[in-house]
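Novice: So the sequence shown is residues 1 to 375, counted in UniProt numbering.
Ideal Cβ placement from N, Cα and C applies to all residues, glycine included.
Quick caveat, the model's predicted, so the values are computed rather than measured.
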Amino acid sequence: IRVALEKIKEAQVKKLVIRVHMADDSSKTMMVDERQTVRQVLDNLMDKSHCGYSLDWSLVETISELQMERIFEDHENLVENLLNWTRDSQNKLIFMERIEKYALFKNPQNYLLGKKETAEMADRNKEVLLEECFCGSSVTVPEIEGVLWLKDDGKKSWKKRYFLLRASGIYYVPKGKAKVSRDLVCFLQLDHVNVYYGQDYRNKYKAPTDYCLVLKHPQIQKKSQYIKYLCCDDARTLHQWVNGIRIAKYGKHLYMNYQEALKRTESAYDWTSLSSSSIKSGSSSSSIPESQSNHSNQSDSGVSDTQPAGHIRSQSIVSSIFSEAWKRGTQLEESSKVTRSVRAEGKSGVLGPVACRSFTLLLGIFPGLISVFFL
Numbered sequence: 001i002r003v004a005l006e007k008i009k010e011a012q013v014k015k016l017v018i019r020v021h022m023a024d025d026s027s028k029t030m031m032v033d034e035r036q037t038v039r040q041v042l043d044n045l046m047d048k049s050h051c052g053y054s055l056d057w058s059l060v061e062t063i064s065e066l067q068m069e070r071i072f073e074d075h076e077n078l079v080e081n082l083l084n085w086t087r088d089s090q091n092k093l094i095f096m097e098r099i100e101k102y103a104l105f106k107n108p109q110n111y112l113l114g115k116k117e118t119a120e121m122a123d124r125n126k127e128v129l130l131e132e133c134f135c136g137s138s139v140t141v142p143e144i145e146g147v148l149w150l151k152d153d154g155k156k157s158w159k160k161r162y163f164l165l166r167a168s169g170i171y172y173v174p175k176g177k178a179k180v181s182r183d184l185v186c187f188l189q190l191d192h193v194n195v196y197y198g199q200d201y202r203n204k205y206k207a208p209t210d211y212c213l214v215l216k217h218p219q220i221q222k223k224s225q226y227i228k229y230l231c232c233d234d235a236r237t238l239h240q241w242v243n244g245i246r247i248a249k250y251g252k253h254l255y256m257n258y259q260e261a262l263k264r265t266e267s268a269y270d271w272t273s274l275s276s277s278s279i280k281s282g283s284s285s286s287s288i289p290e291s292q293s294n295h296s297n298q299s300d301s302g303v304s305d306t307q308p309a310g311h312i313r314s315q316s317i318v319s320s321i322f323s324e325a326w327k328r329g330t331q332l333e334e335s336s337k338v339t340r341s342v343r344a345e346g347k348s349g350v351l352g353p354v355a356c357r358s359f360t361l362l363l364g365i366f367p368g369l370i371s372v373f374f375l
């Protein structure tokens, strides 16, 4: 009954076959289910593509009909988002590197301090700033404010308004009013909307600049009066607003995503570096001169008395495979010498000096083989 219930439960899991477009214009087809996060799908794609691990690898959703795109957050459920697409949708999933995904955490001083000028900051000060923002009892949303262009509903005209970002949403100052809390008007709450980058809105909607952001409900897939279009004066202002909205919407999830991605990237880099250095070490040890053959026979078959045990434990699986293959080749060569000696001298029933030396060598190698096996 338990097995049957598990099979029924597994059959009820929503699954999708998706096509992911790559940066080189190729594509990959894969199956995802509703239990997978974007982070898990990214890991699968990096493994299949044999590309280096990087913080910047992202899954980007492009909505061609609305000319907008956004980077999926690592904690999001991919299937849940894809089910919002219409059946005849021309939307795409693109696997590509986007430096703006975690630029917030690489240079937090450019996004969390609410300043327009760019400033350098020591790494330790960056960590302190991130901890103050994300590691408290509540997340500190940067108080971003300034003049933005707002697109009129149903028109291609844009008007200036003074907007402010707060934890509860985006507000604007009505004409003739001061920037005080009682006069602010709520423009949009962020609970049920996603933030997108607009693409080529200068041609499509006659936007004042190319730096546009869009706010809409994820289920809206066609032109609608409920889509809000904003335009910024420059790229820096655009990224400040987009990242500020992300912080207000996702909070600590963003910081946790960054830490997990950083951990995976560092572990993958350490693995690659250790494997490369171990393989190089194995290649150099295979060309030991004959004058050192007696020493190499002892060290190759087991752990040397003078070699630290911690170094042996740190060997990677890949390097161990190459090392063991080289050892087995050496041992087979020595075994063949023994066989030839036995055949040559076996008729007399007495082993000659060559065979004796070969058996002595095997006796020296045998304990090493046992130690390698248990390692």
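Looking only at DSSP bridge pairs, what is residue 15 linked to?
Specialist: 33
Novice: In angstroms with no decimal places, state the Cα-to-Cα distance between residue 140 and residue 220.
Specialist: Taking the straight line from one Cα to the other gives about 30 angstroms.
Novice: Take residue 246 as the anchor and find which of 104, 82, 137 has the nearest alpha-carbon.
Specialist: 104
Novice: Would you identify the three-state DSSP class for residue 209, choosing helix, strand or coil?
Specialist: coil
Novice: Locate the beta strand (DSSP E) running through residue 95, then write down its first and last residues.
Specialist: In the DSSP assignment, residue 95 falls within the beta strand (DSSP E) that extends over 92-97.
Novice: Between residue 26 and residue 60, what straight-line distance do the alpha-carbon atoms span, to the nearest angstrom?
Specialist: 15 angstroms
Novice: Within 10 Å of its beta-carbon, does residue 65 have 16 or more other beta-carbons around it, so buried, or fewer, so exposed?
Specialist: Exposed, since its Cβ has fewer than 16 Cβ neighbours within 10 Å.
Novice: Within the segment 149-183, note down every full beta strand (DSSP E) run reaching 3 residues or more, in order along the chain.
Specialist: Counting only runs of 3 or more, we get 158-166, 169-173.
Novice: For the beta strand (DSSP E) that residue 198 lies in, which residues bound it at each end?
Specialist: 194-198
Novice: Checking 8 angstroms against the spacing of the C-beta atoms, do residue 62 and residue 69 come in under that value?
Specialist: Taking 8 angstroms as the cut-off, the Cβ atoms of residue 62 and residue 69 count as close.
Novice: Hey, residue 93 and residue 21 are a contact pair by Cβ (cut 8 angstroms); roughly how many whole angstroms apart?
Specialist: For residue 93 against residue 21, the beta-carbon gap comes to about 7 angstroms, under 8 angstroms, which counts as contact.
Novice: Span of the beta strand (DSSP E) holding residue 201?
Specialist: It is not in any beta strand (DSSP E) - residue 201 instead sits in the alpha helix (DSSP H) that spans 201-204.
Novice: With 16 as the cutoff for other CB atoms within 10 Å, does residue 237 come out buried or exposed?
Specialist: buried
Novice: Can the beta-carbon of residue 144 be found closer than 8 angstroms to that of residue 114?
Specialist: yes
Novice: So residue 378 and residue 39 are in contact, right, with Cβ under 8 angstroms, and what is the actual spacing, rounded?
Specialist: Outside the displayed span of the chain (1 to 375) sits residue 378, for which this structure offers no information.
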